[in-house]
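Under my numbering, the first residue of the sequence shown is numbered 38, with each subsequent residue one higher.
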Amino acid sequence: MAISFHFDDVKKPDFFKPVAIKNWLKKIAQTEQFTIQDLNYIFVTDDALLEINIEYLNHHTYTDIITFDNADSKGKIESDIFISLERVQENAKKFNVSFEHELHRVMAHGVLHLCGYKDKKKADIAIMRDKENEALTRWLTNQ
Numbered sequence: 038m039a040i041s042f043h044f045d046d047v048k049k050p051d052f053f054k055p056v057a058i059k060n061w062l063k064k065i066a067q068t069e070q071f072t073i074q075d076l077n078y079i080f081v082t083d084d085a086l087l088e089i090n091i092e093y094l095n096h097h098t099y100t101d102i103i104t105f106d107n108a109d110s111k112g113k114i115e116s117d118i119f120i121s122l123e124r125v126q127e128n129a130k131k132f133n134v135s136f137e138h139e140l141h142r143v144m145a146h147g148v149l150h151l152c153g154y155k156d157k158k159k160a161d162i163a164i165m166r167d168k169e170n171e172a173l174t175r176w177l178t179n180q
């Protein structure tokens, strides 16, 4: 079970607690009956994530997260998750929450995608938000 964090041309936030975050992410996956095999979070700039979005998804828009599911079997998580720290910071301001809160929400969002949750339809978005909120509550109560 390997979870790793990479900061590519961006500074690691001062509040970032790798060990606590790894335990929390594992718990999210376990709650959904998944096991994390290999999970890489790559934190990048807005421009870097835009390039990935264009190259791999043919989307010409900025986004906060892109999740690549590399798993060969159901119930296992193997993934590279790219997150724009700049976009997360902007969204934190937009939603009037702390940068820390928004970063944890986005990190949980990626794992939840890997557990099969979608966010394109209204009903799916509502379920995803509920799951994100459950994960955030778990994070806050274990700190």
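Glycine included, each C-beta is placed from N, C-alpha and C at the ideal position.
Of the other Cβ atoms in all chains shown, 16 or more fall within 10 Å of the Cβ of D101; this residue is therefore buried. Annotation: N128 is outside any beta strand (DSSP E); the continuous alpha helix (DSSP H) that includes it extends over L122 to K131. In the three-state DSSP reduction, N95 falls in the coil class, being neither helix nor strand. The beta carbon of F44 is closer than 7 Å to those of F80 in its chain, skipping five residues each way along the sequence. Under the three-state reduction of DSSP, Q74 is assigned to strand. Around D109, the same chain offers E115 as residues with beta carbons nearer than 8 Å, after the five sequence neighbours per side are excluded.
In the DSSP annotation of this structure, D45 is not part of any alpha helix (DSSP H), being labelled neither H nor E. Among the bridge pairs identified by DSSP, K64 is matched with none. Of the candidates A85, K64, N77 and F105, A85 places its Cα closest to the Cα of H97.
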